[in-house]
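Number of protein chains: 4
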Amino acid sequence: MGELTSYRLSEIGEANCRIWGRYSGKLDPLALFWTGSGIEWNVQASELWVDVETDYDCHEQWMSVLVNGAHVSRQMLPKGRSEICLFRNMNSQETKTIRLMKDVQAMSDDERACFLIHGVRTDGTFHPVEPRAYKFEFIGDSITSGEGTIGAKKEWDWISMFFSSVHDYATLVSEACGAECHIISQSGWGTLTGWDNDPRHALPLYYEKVCGLLKGERNLAYGAGEDYDFSKWQPDAVIVNLGTNDMSAFDQPEWRDDKTGQTFKQHKDEDGSLIKEDAERFEQAVVGFLGKLRTYNPKAHLVWTYGMLGSPLLRLIEHAVLTYRAQTGDENVAFVLLPDTTSESVGSREHPGKKSHEAAAQVLTNYLKAYLAAK
Amino acid sequence: MGELTSYRLSEIGEANCRIWGRYSGKLDPLALFWTGSGIEWNVQASELWVDVETDYDCHEQWMSVLVNGAHVSRQMLPKGRSEICLFRNMNSQETKTIRLMKDVQAMSDDERACFLIHGVRTDGTFHPVEPRAYKFEFIGDSITSGEGTIGAKKEWDWISMFFSSVHDYATLVSEACGAECHIISQSGWGTLTGWDNDPRHALPLYYEKVCGLLKGERNLAYGAGEDYDFSKWQPDAVIVNLGTNDMSAFDQPEWRDDKTGQTFKQHKDEDGSLIKEDAERFEQAVVGFLGKLRTYNPKAHLVWTYGMLGSPLLRLIEHAVLTYRAQTGDENVAFVLLPDTTSESVGSREHPGKKSHEAAAQVLTNYLKAYLAAK
Amino acid sequence: MGELTSYRLSEIGEANCRIWGRYSGKLDPLALFWTGSGIEWNVQASELWVDVETDYDCHEQWMSVLVNGAHVSRQMLPKGRSEICLFRNMNSQETKTIRLMKDVQAMSDDERACFLIHGVRTDGTFHPVEPRAYKFEFIGDSITSGEGTIGAKKEWDWISMFFSSVHDYATLVSEACGAECHIISQSGWGTLTGWDNDPRHALPLYYEKVCGLLKGERNLAYGAGEDYDFSKWQPDAVIVNLGTNDMSAFDQPEWRDDKTGQTFKQHKDEDGSLIKEDAERFEQAVVGFLGKLRTYNPKAHLVWTYGMLGSPLLRLIEHAVLTYRAQTGDENVAFVLLPDTTSESVGSREHPGKKSHEAAAQVLTNYLKAYLAAK
Amino acid sequence: MGELTSYRLSEIGEANCRIWGRYSGKLDPLALFWTGSGIEWNVQASELWVDVETDYDCHEQWMSVLVNGAHVSRQMLPKGRSEICLFRNMNSQETKTIRLMKDVQAMSDDERACFLIHGVRTDGTFHPVEPRAYKFEFIGDSITSGEGTIGAKKEWDWISMFFSSVHDYATLVSEACGAECHIISQSGWGTLTGWDNDPRHALPLYYEKVCGLLKGERNLAYGAGEDYDFSKWQPDAVIVNLGTNDMSAFDQPEWRDDKTGQTFKQHKDEDGSLIKEDAERFEQAVVGFLGKLRTYNPKAHLVWTYGMLGSPLLRLIEHAVLTYRAQTGDENVAFVLLPDTTSESVGSREHPGKKSHEAAAQVLTNYLKAYLAAK
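Residue numbers (the working numbering), protein chains in the order written: chain A, 18 to 392; chain B, 18 to 392; chain C, 18 to 392; chain D, 18 to 392.
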């Protein structure tokens, strides 16, 4: 082991860093917003430490580390700034691929929540990171946030510990296809409203921003609220997995904003079927979001997926996807049903567990590989 | 064991028989044309014999027997008429469900090929057969004929032995969904042409007939060439699995009819891409077939599937399905990609093996269950 | 296809036939006694028919056919003599390995039960059959007879249909190790007594004969009762799977021979534990059988296995094996526990199903491969 | 979340702590020596922090945390004393089972290596920990240390990161059987010598001590070198998995102690077979160790296992086990072969990976469950 030297990320250089997840473009520090965000290096060294900083009111940060693709650690991060050793005592002649992942989703209701990477300390040198063959963007709710992929089946606490992007179908699909990925996700949110009819909890509203659903001065200072520069990273496919919370809204009471008195509610008929106008405004939300996705991702294959927690809206979503297609003439869009979660594959918090994410990833990987290989 | 009595099928009565597969409506004898065709009884008896007759020039018939849903026998049938014991020595008080399956596809090039059921001999009585919850029709090529689902991987002979409908995805999906099924399939055939550019080898050409691709006086006498009466058995879903041979045609030499001098050929460009006009006439064949299917099956969900032997035409087929939808306003149609066959899941004759059919069946079962459950 | 010629087995020649299972040494006809018995050829032909003869009072014969190792047919055989086509229409230049298996155990209570192979008819020629690397003999009860490896879970009829040696662990282990195998088995029988305390139903009593538990003039005429010539086929391992019925005897009423008045009974104490003397006479039966096996198989590795239907006698059997070892100094003997059958792996008649046999085969294959590779 | 209060372990009380692994009997602090060592609480709280201290010259410590049996974190521990949050923000009314595991083996060549637990800080209360149904002690080498169960296949560094007791067969067997376990293991060590012929690297030499292979003042101060009090925790089974390094010694050069000039070497003949005297002294080491194990564990079932990295010594070990049995009359001992590692199941450092440990655990679980259930 040689002498350790400290580097800021800008000193390592963008060519030697793969940034996972949307970011503001600033490196010193790098603010990680979304789950699955992180940084990857090819480093020839015997030892590597990372200088991180986190904060929160309520929901602490968790970090996973992958060494040469293997998941070797996952830990709750202390509040404040700390230096954490990612590896030590390794062969200094060998180049390792080290990937550090934010394992918890952006927490929209915790204004202080943040995760910053200030730099590293190492005895080695960094080598360039080659772009992967494909780029995928995943957009979804708690399923895509990997909620429930870790923890005992009996758990019901809604806490950071039980979120993990490592076991998430988005990560599994990306690894299987050799793709880089961005994940845009929020537990409880939907296409038109959140699970509780709250119309502010619709992911399309925030799509143009780096991480528009985050609040708080610091997150704003690090660029969460800025317009995202789509030109930097144009995905080959955008995979949306929304609808599960839109369905819940039909069964939940009316949402009411105490300040403004504004209300919202998706309704069912007395016979339990969805009221036509409400079904249609959900469909319009799907159509509208596809249009927005196309605006910002002109060449991407758009794929709407659904079904990991049941599929009552299957026909509506299929119809909406094809309505978008018919209205726009945009043919580069498809719907893929994902397998439902079973008693065997369920995880904590009655959410899809690892086996469910693996099954979904297999179907989606098959589809994306075939689609991208076809002419 | 009591005295055995002989019955013609009409004596057993239609209410006590489930006929699998399209048939002409005549029972004495029952002519089985398509693979997966057969008959099923609920019989309270200790012993049951079936009186069958087969013929062929080249391709002999094989029969599988399922006792209470378990596949207990599969055998090559002798040429001519014979009486075969399906079970004996069983508890005469128990009612068994006995299903006899034709395990080999309709053989369009063997005019003498036929499989007739004349009746049974038993010491017991027959009980009514309840309709299953769903009805599915599957239309395809060698994949749907179960070619390669049985036999050693090294086999290359194109013989009846290596066809089996028992292990076919169509049968697996139907069992998993609690559905009755009809299979319409022919090895080497396609949507527009056969694998060899022969335009007569397109399944849509024969769809209206009971089993229009069969020739020979006897098959005609048993009704193979008659118009099929679609009103008797309206499917909930029609699943098409064609395209694999349409792709082959692009790589095969021109077909030429020696008698008429007629020729046909699908072309590739010098760079290996499909020539636009030829791709379009394939797409038109897909669109046209969907229209024909809708004509005869007004309420069925139409599902075009593809991919078990690669998916180079994926985008064309998706496009054609959506073109049909746009042109007709018929929304009750979808495309589902099936998983490709791997070195692990391949069977004999480089065709999908049992594991490949199981994987395909899982994806298709997920889709159909979810679709049929959604509103 | 050329002209078909008939051959008796002696005309094919022993070098061109692999005989599976113990037989009397006579070929014209070959009488198959035990389950898994059969014959195998390497035949270069387009077509092959076999001339078989069966008889029975009660339990009909079933035959399985393997083509190049793949199980392509299984059928109930007609009573009397018949000619059955094993394959036709195949490439006449290719040599196929064809194996015909008796799929039903020797039926000790059916004096007329027999299965004879008289010869074949083919257009081809036979090539020599190479000996396999190992020879294994399996000795057991219904488990080793493959009872329950086929048929629906709900079946309770004790009939030939639900026996199969193809799916039997003995066959699976032999295939996995590249071994020839003989199976000596009888449903309901044990080491000391049958399940019902009948002391005549102990497999060791008949071990020296070709198939000593068969009765009836014809079976005797074909050599079932003759001394078996152990010198012809010395196994590398003898695997015993007995004990399950010996345990049942402790829970069953006394056996009584109505003719002689002889009685027998294994007893439990009032607290449910085995009475010491009865446990000991079971152990002595194990010790004695091991001694007999050694006498006839001087170099074989003796392996007592147990556990596929529970293992209450585990300690007694382990103790007996080691007592044999201590008393004789014979170290070439071992005990291997097999995995128990679960609700997932159970077959028909509450017996081990295919999955259970596969699990047992894996453990036993591991053991035998490791033992035979070690010095 | 209430006010947090600090507790030393003695304040929590032994009845409220399950100590995993051998320890000196002292709680303040608790020194964890062997891999899989740790502590478990049933704590009704919203938040829990642990106060740990580690040190090392070379090999850092790793800790895993299980919450209600689920493995939620694994992390490299900082050198020195630190407070680490195990959970926070949970439902304060629910009682959680929290288990903290030392994930790295005792490091015999790192005198400063230590892992101490000083206490906790929490807002909740501790409830009694019920003893598990069984107690198992596992004794082995790198396999039993879980070396290679984590990390990429390509890894070759011998570092703490690639050791894990969580995925170890010893842990898996214990969970499946509902057993507490102690693990006594050291990478590279054997029964008679280490892999390099070093006769000091034999686990039997240190069996009587708490953790006799550790050196250094601090470890001694915490009791590593004390006689272990076997009376506190008598195992139902002691499972030894040694022999793999004893075999390596036959292929390695002579060991030589530079200080004393002492040498040691296990030899092969010119034909590659083991020299008889050397094979015998290995066998005597096995016999001797079994005797020692019996001395300290009078009622335990002794099980020698072997085979996860090949089994060339299978016959020698089987023979040695039975020699011990014959010489002593002690019948409570058995040999169980474990499945070999394959290219599918291998992990990092060419050691058994997770799948290999799972396969071994299944065989051993079957055996132990059956043995413990039998009379």
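No residue lacks a Cβ here, since even glycine has one placed at the ideal position from N, Cα and C.
Is there a C-beta anywhere in chain A that falls below 8 Å from the one on residue i?
i               : result
A87 of chain D  : yes
P329 of chain B : yes
L339 of chain B : yes
R332 of chain B : yes
Check the Cβ-Cβ distances between residue i and every residue of chain B, and say whether any is below 8 Å.
i               : result
V380 of chain A : yes
N451 of chain A : Residue 451 of chain A is absent from the model: chain A starts at 18 and stops at 392.
A169 of chain C : yes
E348 of chain A : yes
A377 of chain A : no
A391 of chain A : yes
Please report the straight-line C-alpha distance between residue i and residue j, rounded to a whole angstrom.
i               : j               : result
P252 of chain B : L319 of chain B : 10 Å
P369 of chain C : E192 of chain C : 19 Å
D357 of chain D : E375 of chain D : 12 Å
L307 of chain D : T345 of chain D : 10 Å
F247 of chain A : N314 of chain A : 8 Å
D45 of chain A  : I134 of chain A : 8 Å
M118 of chain C : N106 of chain B : 22 Å
I101 of chain C : S54 of chain B  : 24 Å
V304 of chain D : A337 of chain D : 6 Å
L310 of chain D : V255 of chain D : 8 Å
S81 of chain C  : L103 of chain C : 10 Å
W175 of chain A : E294 of chain A : 33 Å
S373 of chain A : T142 of chain A : 40 Å
Could you list which residues in chain A have their beta carbon closer than 7 Å to that of residue i, in chain order?
i              : result
M93 of chain D : S90, C102
Residues of chain C with CB under 8 Å from residue i, in chain order?
i               : result
G195 of chain D : The premise fails here: G195 of chain D is roughly 17 Å from chain C at the closest Cβ pair, so nothing lies under 8 Å.
G324 of chain D : N383, A387
Determine, using beta carbons only, whether residue i comes closer than 8 Å to chain D.
i               : result
D68 of chain A  : no
A254 of chain C : no
L259 of chain C : no
Against residue i, what residues of chain D qualify as contacts under a CB-to-CB distance less than 7 Å, listed in chain order?
i               : result
E172 of chain A : N85
Within the 8 Å Cβ cut-off, does residue i reach chain F?
i               : result
H284 of chain C : The question asks about chain F, but that chain is absent: this structure's protein chains are A, B, C and D.
For residue i, go through chain C and note every residue whose CB falls closer than 7 Å to its CB, in chain order.
i               : result
A394 of chain D : Look at the range of chain D in this structure, 18 to 392, and you will see that residue 394 of chain D is not part of it.
A343 of chain D : A343
Which residues in chain B sit within 8 Å of residue i, going by Cβ to Cβ distance?
i              : result
E77 of chain C : C102, R105, N106
Going along chain D in order, which residues have a C-beta closer than 9 Å to the C-beta of residue i?
i               : result
I176 of chain A : F104, R105, N106, M107
R149 of chain C : Result: empty, since nearest Cβ-Cβ is about 22 Å, beyond 9 Å.
Closer than 9 Å between beta carbons: that is the criterion. Which residues of the region 355-373 of chain D meet it against chain C?
L355, P356, D357: these are the residues of the region 355-373 of chain D whose beta carbon lies less than 9 Å from some beta carbon of chain C, given in chain order.
Taking a cut of 7 Å between CB atoms, which residues from the region 290-317 of chain D lie near chain C?
S290
If you scan the region 314-352 of chain D from start to end, which runs of the beta strand (DSSP E) of 3 or more residues do you find wholly inside it?
318-323
Give the list of continuous alpha helix (DSSP H) stretches no shorter than 4 residues that lie fully inside the region 137-198 of chain D.
186-194
Runs of beta strand (DSSP E) lying entirely within the region 194-266 of chain C, each at least 3 residues, in chain order:
196-202, 254-258
Under 7 Å, CB to CB, which of the residues in the region 110-142 of chain C have a partner in chain D?
none
What are the start and end residues of each continuous alpha helix (DSSP H) run of 4 or more residues lying completely inside the region 276-315 of chain A, in chain order?
For the region 276-315 of chain A, whole alpha helix (DSSP H) runs of length 4 or above, ordered along the chain, are 293-313.
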